[in-house]
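In the numbering used here, the protein residues as written are 737 to 1757.
Printed below as a string of structure tokens:
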């Protein structure tokens, strides 16, 4: 009975001691560890205690004898050891209590004592204290039960102990191992007693645990964020900004959650709208900083595109946010040292995030939807922010004498790395501005990147910043410019990038070895957007790093051929490509990485062919994999009608990243074939040229991209030059619509540009006089025995006159002749729904077949004129040549959408004589399910209209016609001045006056014009 009274009467004293000692721990830590006499007396009493009752009596003496200023950490440790953990543990686990005492009395006393010693690291980190974590979590998890209503102070003591334990890394690990995240989340979500302390504990553990802390606990995290965001959005007191900071911390360390899942939640949208309201209000600096940090974290996860979906004026708010972030960056960095900038590191990092996100957003279609003034404002703001970052990096470079020796954990190092990241993001998209400033800090940036990479290889620090990774896109662009490239070479960047490539490849290859083989039909398996996001997130970052490094080396290989041929780094890099390509060949899901390694190897092999003249097994397998990559890119089998050359399904998704690689690879392979004969033999034996010719022969005209066709033709020509005897037979045997070098092809026709002009409508038909008709009949008798031809070099008029002898209806022919006399070079006559221009009335078709797809009537659309024959040069087709009077094309009147994209339409061939006039079975495959039949690129600002077509045998780009009293042609031609003057002279002849202006001035008035204006005037005859 005395024990019960003793315990109840001294509960307050224990609590007082708890508060008394904890409140002064910080002040006594600095004092000397001299043990006061009062502490020694209490320690002696505790150690001499024979029973638990004696210890209770001694503890009562402790509260009376020891003063706060006499207790340092050493004294507390002596007292704790004297009490003994076994005694405290018995109190915690005891289930029997004296009569009339609360059931948790022993636990309350024990935790009150333990909380007194939570300021001593040696005690808190001990295994004995860590072993009571389950008891602590169990108590706080049941704080809302009826049994705990009278023991709420016990819950407070538990949180005191938990907070002390969480302060140390070993304590946090122990807490996580006991499932503290789930239990504390439940406490906060359910609003149990002291749930605010549970939230503080969660936020602190999250801030120390990193982004992987919540892996595997995505659902509890979403519940926590939903509850916290709801409290934040609904609060109207100063607490709102405390919750704002907590939200920012949790979002900074959130697990990987698919964006599509988060978009289904309400809290991101409501939080964004709340932040918009805050930032558009009059608030203090600290409040604004908190809001900026939170919105930066939110947009990092959800994306700026998502942010444009909500709010009354999302574009205006986004511009406000970007300008606010840029202004903050400039205010915190301009005219300040690195030490001064570090003081604002937290808000600067948040502003950096907003700046980086918007730089990336500037390359998207969403930014183009902004008006020009808004785009200009955003660009100027970003440029100013980046300029201040360049200035602080330059200042740091000078301050540390062009070296960087600070520890990786130093905040200055972290800040410099963050600044380099933003600069890399900017340079990845914009390299034309501030070139001098960039070149000035480029050596320092490379120095920091090299230092951080060396530290990363050691692996001593987790989540270490990797500035080199963020500068790789910028290095790709900078390597293409002379001045930055020279600096990069002087700083030995190729060696650094090669080492970095090996490091990242080691990470990637280990990850790849653990992945299952992808099924052959993986592209046909339906996946949801959520599954695609997860799959993309699970791919290692090393993959993209390797691709970017390859991009830098490709630019160097093209622009620095002498260096590539002599530097040992590039020889080692070539060996790397040859050795490591093969594991990627059979991986269906790494086609972009495969293409980069393959093409880089080809660019390097061009300068090291002498090393592989015999072709060892590794080099042979490399060429085999490279040919496989290039071969599989296109096929006709996967097209809807097998008559078009299409991009393979495996390549289609990534073709924007693969297109340039494919063309570069075709060119690179062509360059090495002439020096390495074994490659040519392998290519011919592989069957690729044969398959290439067969595919090209199957496809219809126009069903292959012009650049792709040119790439194939150039490749075949290089193959032919390398081994003419062997390759010529292969090409001729499988020939298709491809011109063989050194031979006239009957299928490949010369290219011309179509010039479109209006056809003037004449008021009446010109009739021949009686004398003209008499002369015409006499002329017919002379020419009657001659065959018509349009393949010689005579004029169109002479060719037509030679055909008169075969015409049965002179008036119809002469009407045709008189019409085209005004347009002697006309090759196409377009008149949708108009009456055709017939060359004879004896063989006009009596009917035109209906559309075979929808049954509608066909109407005349355009006709091909006989002048076309002069340009096609088809004399060698047969002994009789190719001839027609006119070709008339009739198309479906309804533009039906049924059937294939390329449809069979009706083509009627009308000759000048009646011998072969009727050919109703002749059909033309013509794409009719689009509104426009002929396409002319025109400027929207110019008033234009379709006109008749004439061939001009020169390539002139961007033709325009201005409607005025006189014809005026505006053309753009990307060639040198003298070359273009020669082309104009050749095109218009000597009977023209040619005047050149520079920037609307005489050439002698300006030294370096931005553009030239050529005025060609026809001289009077």
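Glycine residues also receive a C-beta, built at the ideal position from the N, C-alpha and C atoms. Please read all numbers here as calculations on a predicted model, not as lab measurements.
Excluding the five sequence neighbours on either side, which residues of its own chain have a C-beta within less than 7 Å of the C-beta of residue 797, listed in chain order?
-> 778 and 781
In three-state DSSP terms, what is residue 1626?
-> strand
Buried versus exposed, by CB contacts within 10 Å (16 or more), residue 717 | Nothing about residue 717 can be read from this structure; the chain reaches only from 737 to 1757.
Which partner residues of residue 1595 appear in the DSSP bridge assignment?
-> Residue 1595 is bridged by DSSP to 1627.
Classify residue 1322 as helix, strand or coil using the three-state DSSP reduction.
-> Of the three classes helix, strand and coil, the one that applies to residue 1322 here is coil, per DSSP.
Select from 1060, 847 and 1231 the residue whose C-alpha is nearest the C-alpha of residue 1117.
-> 1060
Would you grab the beta carbon distance between residue 1601 and residue 1562 for me? Rounded to a whole angstrom, and I think it's under 8 Å.
-> About 5 Å; that satisfies the 8 Å criterion.
At 4 residues or longer, and completely inside the region 798-858: list those alpha helix (DSSP H) runs for me, N to C.
-> 809-819, 821-829 and 841-852
7 Å CB neighbourhood of residue 1466 in its chain, flanking five on each side removed | 1420, 1425 and 1426
Does the region 1404-1423 come close enough to the region 1451-1467 that 3 or more CB-CB pairs lie under 8 Å?
-> yes
Ordered along the chain, which non-local residues of its own chain (more than five positions away) have a Cβ less than 7 Å from that of residue 1555?
-> Excluding residues within five positions, the ones whose Cβ falls inside 7 Å are 1573.
Would you check if the region 1230-1248 and the region 1273-1291 touch, i.e. whether three or more CB-CB distances between them fall below 8 Å?
-> In short, these stretches touch, since the Cβ pair count reaches three.
Rounded Cβ spacing between residue 1182 and residue 1155 (contact assumed at less than 8 Å) = With a Cβ gap of about 14 Å, residue 1182 and residue 1155 do not count as contacting.
Along the alpha helix (DSSP H) that carries residue 1181, what are the first and last residues, could you check?
-> 1171-1194
Could you tell me the distance, in whole angstroms, from the CA atom of residue 1201 to the CA atom of residue 1195?
-> 12 Å
Beta carbon of residue 1169 nearer than 8 Å to that of residue 1206 = Not in contact: residue 1169 and residue 1206 (Cβ atoms no closer than 8 Å).
Where does residue 871 sit, in a helix, a strand or coil, going by DSSP?
-> helix
Would you identify the three-state DSSP class for residue 1756, choosing helix, strand or coil?
-> coil
First and last residue of the beta strand (DSSP E) that includes residue 1729?
-> Under the DSSP assignment, residue 1729 falls in the beta strand (DSSP E) whose first and last residues are 1728-1734.
To which residues of the same chain is residue 1332 closer than 6 Å at the C-beta, ignoring the five residues directly before and after it?
-> 1283 and 1286
Cβ neighbours of residue 919 in the same chain (closer than 8 Å, five flanking residues each side left out) | Cβ neighbours of residue 919 beyond the five flanking positions: 873, 876 and 877.
Can you find at least 3 beta carbon pairs, one from the region 1386-1404 and one from the region 1345-1360, that sit closer than 8 Å?
-> Here the region 1386-1404 does not lie against the region 1345-1360, with fewer than 3 beta-carbon pairs under 8 Å apart.
Within-8 Å CB hit, residue 921 to chain D | Looking at the structure shown, chain D is missing, and only one protein chain is on hand.
Mapping DSSP to helix, strand and coil, what is residue 679?
-> Nothing in the structure corresponds to residue 679, since the chain is present only between 737 and 1757.
For residue 1750, name the three-state secondary structure that DSSP assigns.
-> Correct three-state label for residue 1750: strand.
If you run the structure through DSSP and keep just helix, strand and coil, what is residue 1342?
-> Three-state result, residue 1342: coil.
Sorted by chain position, which residues of the same chain lie with C-beta nearer than 6 Å to residue 1710's C-beta, five sequence neighbours on each side aside?
-> The pLDDT assigned to residue 1710 is 47, lower than 50, so where the model puts this residue is not dependable; a value taken from the coordinates is nonetheless given after this. Around residue 1710: no qualifying Cβ.
Residues bridged to residue 1565 (per DSSP) | 1599
Cβ-Cβ distance between residue 1213 and residue 1180 below 8 Å = It is not a contact, given that the beta carbons lie outside the stated cut-off.
Compare the Cα-Cα distances from residue 1366 to each of 1592, 1374, 1428 and 1376 and report the closest residue.
-> 1428
First and last residue of the uninterrupted alpha helix (DSSP H) at residue 1572 | No residue range can be given for residue 1572, since it is assigned to no alpha helix (DSSP H) and is classified by DSSP as neither H nor E.
Could you tell me the distance, in whole angstroms, from the CA atom of residue 1629 to the CA atom of residue 1559?
-> Their backbone Cα atoms lie some 29 Å apart in a straight line.
Helix or strand or just coil, what does DSSP make of residue 1371?
-> strand
Which value, in whole angstroms, describes the spacing of the CA atoms of residue 935 and residue 1171?
-> Near 48 Å, if we compare the C-alpha coordinates of residue 1171 and residue 935.
Tell me which same chain residues have a C-beta within less than 6 Å of the C-beta of residue 1596, skipping the five on either side of it?
-> The beta carbon of residue 1596 sits closer than 6 Å to the beta carbons of 1572 and 1626 from its chain, once the five residues preceding and following it are set aside; these are given in chain order.
Roughly how many angstroms lie between the CA atoms of residue 1385 and residue 1330, to the nearest whole one?
-> 16 Å
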